[in-house]
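For the record, the sequence lines run as chains X and Y. As numbered in the numbering used here, residues 8 to 645 make up the first sequence, in order. As numbered in the numbering used here, residues 41 to 357 make up the second sequence, in order. Every residue gets a Cβ at the ideal spot worked out from N, C-alpha and C, and that includes glycine. Predicted, not measured: the structure shown is a model, and the values here were computed from it. Below is one structure; the comments refer to it alone.
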Amino acid sequence: MSKRYSIVAFVAVLALVAAACGGDEETPSATGETPAATGQTGEVPTGGVLREETVDFGFTNAFDPTGEYLGTAWSYYGNLLMRGLVSYPWLPGDQGGNEPVADLATDTGQLSADGLTLTFTLKDGVMWQPPLDRPVTSQDVAWAFQRINTESLIAQYGNYYCGTIVGMDCSGKSQEDPIEGIETPDDSTIVFQLERPTGDFLFRLAQPAAAPVPPEVAGCFSEAGEYGRYVMSSGPYMLLGSDEMDVSSCNTLEPISGYDPDRFMYYTRNPNYDQATDDNRQNYVDGFAQVINTNVEDSFNRVLNGDIDMVHGAPPAAILQQYLTNPDLEDNFKAEQGDRTWYITMNLIVPPFDDIHVRKAVNLVVDKASLLQSTGGPTSGDVATTIEPPAVLPDTASYDPYATPNLAGDLDAAKAEMAQSAYDSDGDGVCDDPVCQDVLLVNRNYEPWTNYTPILQENLSAIGIELKIRELEIDTAYTTIQTMNNLVPIAINAGWGKDYASPYGFDFFLFNTAGLACEGLVNYAMVGLTEDLASECGDNVLDAYNAAVEANGPIPNVDEDMEACVTTPPGDAYNACWATLDQRLMEEIVPWVPYRWGSQNVAIGDSVVQWVYDQSAAWTAYSRVAVDNDLTIEDVAS
Amino acid sequence: MIRYIIRRLLWVLVTLLLVALITYTIFFVMPSTDPAVNFAGKQPTPELVARVRELFGLDKPFVVQYGQFVGRLFLGDDYGWPGLGFSFSTRSELKPVILDRLWVTAQLAIGAAILWLMIGIPIGILSALKPRSIFDRLAMGFALFGVSAPVFFIGPVLLYIFWYKLQLLPGTGYYPIEDGLSQWYLHMLLPWCVLALGFAAFYARMSRANLIETMGEDYIRTARAKGLSERRVVLKHGLRASLTPIVTMLGLDLGALLGGAIITETVFNLPGIGQYAVQSDFYAILDITLIAAFFITIANLIVDIVYAFLDPRVRYT
C-alpha cells in the first residue's frame, strides 16, 4: 500500500515539474504586431487604454503642481493635464523634444530689446475641463505664479522664478497677493517683467508649476501638496471623476475619485479639449490607467502576458536579460537618452582630493568602460566624458578632457598627474602620504553600484589611494554626503538629472554656492565654499576648509560665471557660455569624475502599437502613444 | 480576573506609549528619515527645509512634538478620533487609509490562520498517532520545507506556476469582497496558501510534539484502561491538553500578522498595512508601528485569558 502511494506521489511531482517547465515559450498577446518605431506615422489606431503599473508614484509634493518635483509627474502634467504658455513637443531629443514650443500661448513670447519684458498672447478656445467649463485666462497663469510665490505652498523649484521675476521672492503670505512683475491687462495677455535678462526663461515657463491653475479650486488650498487630489485640467485628459466635483465652494470639494495616491490614477478624455488648438499632442488613446503594484517582477510578467501595456521604471536584471536575448522581444525594449549624469564626486576640502592633481589623476585612472559594462553595457547608457549630458548641452557632447584608450583609464597618464601632487613626495606617480590610506568612499548597497566597488578599489589603488568602502541604503547614502560635517572625501552614489534642457537647470545647485548647506547640500564637492559657511557647519568643517585653503589657495567659485551665462540671451552665445563653464569645471576645478550618461530603459507590451519618447521628461510621451486594445477606462477602473 | 484584566490593559497603554517614544526617537536620531528634507525636494535649500519644518510643526522641540503626537492620538485631531495624523507624501488623512488597509491585512491574516490550522493541526495529530510511519516522515518533510522556504521565494514560484503558466488563478492584486465573492476568494487563495505554509508546517511540528508528549502521560493510560475508545482518548483527553500551547501561539501569531504581513502583501500586491509601512512616511510608519504593538499586546492579553479557561489550574488575581 505504502509503495503505491509513493509511486503516485512521485508521478504527481513529475507532472507538476513538467507543467512548470514545459509548454510553449511565452507568446505575446494581442495581434503580435511589432510596435511602431519611435515617431513613425501612418495608420495609428485611436481608442483603448494604456495600462501601466508602478511600484509607487513617488510624488514629492503629493501631485500638487506648484511644488511637485518628480519627472513622472511632469510627464503626466505636460502630456495629459496642463497646458502652459509654452511646453514641449513630447518628442525625442533629436526631433526637438527638449526645445520649448508654444502651447497655451500663440507663440514663444515677444521679448523686449533689453531682455527684461516678455509678453504672451493666449490662444482662443483653450478651456478648463468640466465642471469649470470656462476659458483658460491670463489670470489663471498669474495665479500659478502667485502660488509659487506663497511660502506655505513650498514651491520646490521656486528658485527658477523668485529673484528672476520682479516682485517674486517666494516669501508671499497668500496666493491671492498679485505679483508686481506679472501683468494681465486682459484675459488673453500676460506680461512678465524680469529682474535681469534670463536666457533660459522659456524653459522655466515650460515647467508645470508655471502652468495655469484655476483659482476657484486651487485657491481653496493654502498648504503644500493639498491641491494634488483636486487637480483640474486644461489639457486633453482629466482625472477620472474630476468632472463630478462640486466646485461651487471650497467646502463642497471632495478628492477626485479617479486618483488614490496609494493605489491608482485613472485619466479619461477632457470633453472641453479642442485638438485644433494643439499642435503638440496627438491623443490617440481614450484613457490611461496608472496602477500601483509592489511586485515589480509581477508587473513585467503582466506585460509579457498581455495583461498590461507597460511598467514604470527600468526592468530588473533578470527581466532585462529576457528583453535583450529574446528576438521576439527586441522591438519591445527601448533605451533612450535619459539626460542624467552619474558621477563620482570628490570633496575639495578633504585630503587627498583637496589637491587638483589628485582629482585629475582619478579622472584619468578610472576605468569608465568597466563601470558601464558592470551597469549593463550600452543599454544602460554611454560613458560620460563631461558634466552635461549631450542633449542638455550639445556643445560639449564630444568634449573629453581626460580621454583614455578605450575609455578604460590610463594608468601612465594618471601617475604622471599624481606625480605633480603634494601627496606624492617621491614623484613616482603613487600617493605615499598617509591621507591616501583608508579613504572613505560612500556608495549604494545594491547593484549595479556594488559592482563599481571592486573596479574603483583597483583603479585608485594603482595610484596609491586605498579606499574604505561604505555601501549604504540609498536614502542614507544621500543624507550622508548631504551633511557637510561628515566631510565625505569621495562618493559614487549620486546622479543628477536635468530639470530642463538648459545648463542652468542642470548646473546651478551642483556647483553654485546656493547648493551649499550644512544639511541637505547638493554641491557635494564644496565648490565655492566660504569660511563663513564652513564655520556655521562645525569646527571640523572650518578646520578642513582652512587647511585646504592654506595648502591649495582659495576654494574656486563659479557663481559669477553662472550669473554671466544666465543673463546671456538665448541662442548660440548662451550655450557657448555654458560650454566654457563646463570646461572650466572639468579642467580647472575638477569636482567630479562623470562616468555615465544614463539611458532610460522602457519595456512595452505588444498592444502598444506606437510608442514615442518624450525627451523633456525622459519618459513615455503619453500624448503620442497608441494601443490596440478596445478597453475603456471604465472597464479598467472597475 | 477582572482586576487582572484591568491591570493588563493599563500595561498595554504603557507599552504603547513606550513604543511610540522609541519609534519617535528613532526618527529624530536618523537623519535619512527627516521628512522635512525629503519633502523639500531635489534641491533642499536651508530656507526651503526651514519652511517645511515650520509648516509641519517639525521645528518644535522633540518633547513638544512627541507630546502633541500623543495628545492627538488619544484625544483626536482635525480628522477625528483616534488622531492618526496625515501623510506627508500624499497630504491626505491617514485614518481611512490605515483602516482600509487594516481590513485587507485582517482578511489575509485570518484566512491564512484558518488554513494553517486546518492543515497543520490534523497533520500534526496524524503524525503523532503514527510516529515514524511513512505519513509521519512525509509530514515532517513537509514541515521542514514549509519552515525553510521563505515567502519571497514561494510566492513568486506559485504565481509563476498557477497564474503565469497554468492560468488557473488570477495574478496579484486585491479584489474586494463586495465586488464579487468568487473573484475575491480566487485572488486571496494564493496569498493565504503562501502565508499559511510556513505556519502550517510549524504548527504541524508543534502539534505532533505536544500530542506525543501528552499521549505518554499517565492519565491517558488510565483513560485507555478504563475502556474508552481510542478516538475518545485522543480527541477528548489528549488533544485538549496538547492544543493549549497551540492556542497561545495562535494568538501571538495572529496579533503579529495583524501588524502587517509585509512580504506577502508586497509579493501579491495586497494593499495591507504591512505593504503601506514599507512605502509610506513618518506619521504612517509611526501609526502602523503602534497598531502592530497594540495587536500584539492585546493578543497576549487575550491568549492569557483564554488560557485560564482552557486550563483550570491557571487562575489570575
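To the nearest angstrom, report how far apart X/Y164 and X/F516 are at their CA atoms. 11 Å
If we require 3 or more residues per run, which beta strand (DSSP E) segments fall completely within the segment 448-494 of chain X? List check, beta strand (DSSP E) in window: 474-479.
Close Cβ partners of X/L528 (< 7 Å) along its chain, the five nearest in sequence each way excluded: Once the five neighbours on either side are set aside, the close Cβ partners of X/L528 are Q489, M491, G522.
Less than 7 Å between the C-beta atoms of X/N636 and X/G55, yes or no? Judged by beta-carbon spacing, X/G55 lies within the 7 Å limit of X/N636, meaning their Cβ atoms are closer than that value.
According to DSSP, is X/E251 part of a helix, a strand, or is it coil? helix
Minimum C-alpha distance to X/R631 - residue among X/G294, X/I481, X/L467: X/G294
Can you tell me whether Y/R248 is buried or exposed, with buried defined as 16 or more other CB within 10 angstroms of its CB? buried
Could you please give me the residues that DSSP links to X/M134 through a beta bridge? X/P142
What's the call for Y/A265, buried or exposed, on a 16-neighbour Cβ count within 10 Å? exposed
Hey, does X/W150 have any beta-carbon neighbour from chain Y nearer than 7 Å? no
Since I believe X/G232 is in contact with X/D71 (beta carbons under 8 Å), could you give me their beta-carbon distance rounded to a whole number of angstroms? 5 Å
If we count Cβ pairs, one from each stretch, closer than 8 Å, do we get three or more for the segment 453-468 of chain X versus the segment 305-320 of chain X? At 8 Å Cβ cutoff, the stretches do not touch.
Cα separation between Y/K100 and X/F513? When the Cα atoms are used, Y/K100 and X/F513 turn out to be separated by approximately 34 Å.
Quick one: list the residues of chain X neighbouring Y/L95, beta-carbon separation under 7 Å, in chain order. S159, I161, E230, A231
Would you verify that the beta carbon of X/F518 is, or is not, closer than 7 Å to some beta carbon of chain Y? Nearest CB-CB separation between X/F518 and chain Y: not below the 7 Å threshold.
What did DSSP end up calling X/F70 once you bin it into helix, strand or coil? coil
Starting from the C-beta of X/A571, find all residues in its chain whose C-beta is less than 7 Å away, skip the five residues before and the five after it, and write them out in chain order. Only C584 meet the Cβ criterion.
is_contact[Y/P216, chain X] using C-beta, thresh 7 Å: No, because no Cβ of chain X sits closer than 7 Å to the Cβ of Y/P216.
7 Å Cβ cut-off: residues of chain X touching Y/T212: N300, N302, D305
Distance, Cα to Cα, Y/A296 vs Y/A332? 7 Å
Note down, in chain order, every chain X residue with its Cβ under 9 Å from the Cβ of Y/L25. A question about residue 25 of chain Y goes unanswered here, because the residues of chain Y that appear run from 41 up to 357.
Under 7 Å, do X/G85 and X/Q344 count as touching if we go by C-beta distance? No; because the gap between Cβ atoms is not below 7 Å, this pair is not in contact.
Helix, strand or coil at X/N608 according to DSSP, with G and I counted as helix: strand
Does DSSP put X/Q444 in a helix, in a strand, or in coil? In this structure, X/Q444 counts as coil in the three-state DSSP scheme.
So X/Q396 and X/W604 are in contact, right, with Cβ under 8 Å, and what is the actual spacing, rounded? First, the amino acid is wrong: residue 396 of chain X is Pro here, not Gln. Yes, they are in contact, since the Cβ atoms of X/P396 and X/W604 sit about 5 Å apart, within 8 Å.
Quick one: is X/Y76 near chain Y, going by C-beta distance under 7 Å? yes
Name the two residues that bound the continuous alpha helix (DSSP H) containing Y/Q315. 313-319
Chain X beta carbons: is any one of them nearer than 7 Å to that of Y/N309? yes
Could you give the C-beta distance for X/S159 and Y/L95, rounded to a whole number, given that I count them as a contact under 8 Å? 6 Å
Boundaries of the beta strand (DSSP E) in which X/E202 is found, first to last residue: Counting along the chain, X/E202 falls outside any beta strand (DSSP E), and DSSP gives it neither H nor E.
Threshold first: 3 residues or longer. Then list the beta strand (DSSP E) segments lying entirely within the segment 554-612 of chain X, N to C. 599-610
So the alpha helix (DSSP H) X/D305 belongs to, where does it begin and stop? 303-312
Could you tell me if the beta carbon of Y/D99 falls within a distance shorter than 6 Å of some heavy atom in the ligand MN? The ligand MN is not part of the structure shown, which contains no ligands of any sort.
For the segment 120-146 of chain Y, enumerate the residues whose C-beta is nearer than 7 Å to any C-beta of chain X, in chain order. S129, T130, R131, S132, V137
Give the straight-line distance between the Cα atoms of X/T393 and Y/A240, rounded to the nearest whole angstrom. 58 Å
Partner residues on chain Y for X/G235, Cβ-Cβ distance less than 7 Å: R131
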